[in-house]
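S.K.: Numbering (our numbering), first residue to last: 3 to 259. Starting off with a structure, shown below.
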Amino acid sequence: MAALRSLAFLGASVLALGKANGVETINYTVKLEKVGECLTDINTARDAVGFISFVQVGVDEEGKSLPDAVASTAETNFKTSAWKPVCDSLLGKSSTDAPGASASTPAKFPSGTYAFKALESNSPTCSDIVGEWKAAYKNFKGLPPPNKDTKLYDDRNNVSFVAVYNPSPDATADCRVVTCIKETTNTELQPQTKNTEAGYALICMTTPDVLPQNSTAPFTDEQWAKITKALGGSASAAVPGLLGFATALFGLALSLF
């Protein structure tokens, strides 16, 4: 028994030494799927209210499109990517730097109001997702307030709702499925071992931002009346909202972006 404990300790020590010597490498990849994902369903919801349809922005249109995809890159270099906190949350990993790592500041997402939904795969069920976002109107007691001294926008569905109904006359959208891939390779073992993890989300970046901190309400009374009428009634009764999964992910679109 003592011999077994010694072997177990030795194995753990060798593994720890191997990691310390850099035999374990971690790479991240961020893939962006087709443009305009679920935009038809979103625009159908907007049309019912009388809002103009979103215009899908072109790929890489500055200030109006999601950050670029990321080819396979080492974890050290990925620390400064705007996608890092997104991927950390989707992959169930803290976005805090590992002990001993140098502090780094990830790039920011462009300014905008973001709709978000974590997925099980890269194939979203658009009608269900947009339906969930639309249903968030019940979480408001009345006209959605400004993003100031309120916890309403700690619920990502509430933020997503505002994004879907962005009332700006020149509103644009970039809706894509993002896939975060983490590959961990151990070069000490022969043959080499590779572990692959993946996380998925639908993200719609809408511009301009209608929920900046300490600004005005996102809708006028007239706009809100149109929304509630189209969605089947008054929004006077509040329903507790589920905490949005992406609160940890984004630190809210309102602060991280």
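All C-beta atoms, glycine included, are put in the ideal place defined by N, C-alpha and C.
For Leu34, I'd like the list of residues in its chain whose CB is within less than 7 angstroms of its CB, leaving aside the five on either flank, ordered along the chain.
M.R.: Counting only Cβ-Cβ distances below 7 angstroms, and skipping sequence neighbours, we find Leu68, Ala71, Arg178, Val180.
S.K.: Between the alpha carbons of Gly20 and Glu190, how many angstroms are there, rounded?
M.R.: For Gly20, the pLDDT reaches just 44, beneath the cut-off of 50, and the residue's location in the model is therefore unreliable, leaving the point undetermined.
S.K.: Looking at the structure shown, is Asp156 part of a helix, part of a strand, or coil, going by DSSP?
M.R.: It is helical.
S.K.: Quick one: grab the DSSP three-state call for Asp70.
M.R.: In this structure, Asp70 counts as coil in the three-state DSSP scheme.
S.K.: Pair every Cβ in the stretch 131-139 with every Cβ in the stretch 158-170, then say whether three or more of these pairs are closer than 8 angstroms.
M.R.: As far as the Cβ criterion goes, the stretch 131-139 touches the stretch 158-170, which means the pair count is three or higher.
S.K.: Taking Pro220 as the reference, which of Ser91, Glu199, Ala227, Asn168 has the closest Cα?
M.R.: Closest option to Pro220, Cα to Cα, is Asn168.
S.K.: If distances are taken between C-alpha atoms only, which option among Asn188, Val32, Tyr116 comes closest to Asp156?
M.R.: Considering only alpha carbons, the answer is Tyr116.
S.K.: Reducing DSSP to helix, strand and coil, say where Cys177 ends up.
M.R.: Strand.
S.K.: What does the Cβ neighbour count give for Lys231, buried or exposed, with the cut at 16 atoms within 10 Å?
M.R.: Result: exposed.
S.K.: CB-CB under 6 angstroms to Val51, same chain, minus the five flanking residues each way: which ones, in chain order?
M.R.: Correct list, in chain order: Lys228, Ile229, Ala232.
S.K.: Straight-line CA distance for Ile44 to Asp172?
M.R.: Whole-angstrom Cα-Cα distance: 16 angstroms.
S.K.: Alpha carbon to alpha carbon, what distance is there between Ile28 and Cys89?
M.R.: Roughly 13 angstroms separates the two Cα atoms.
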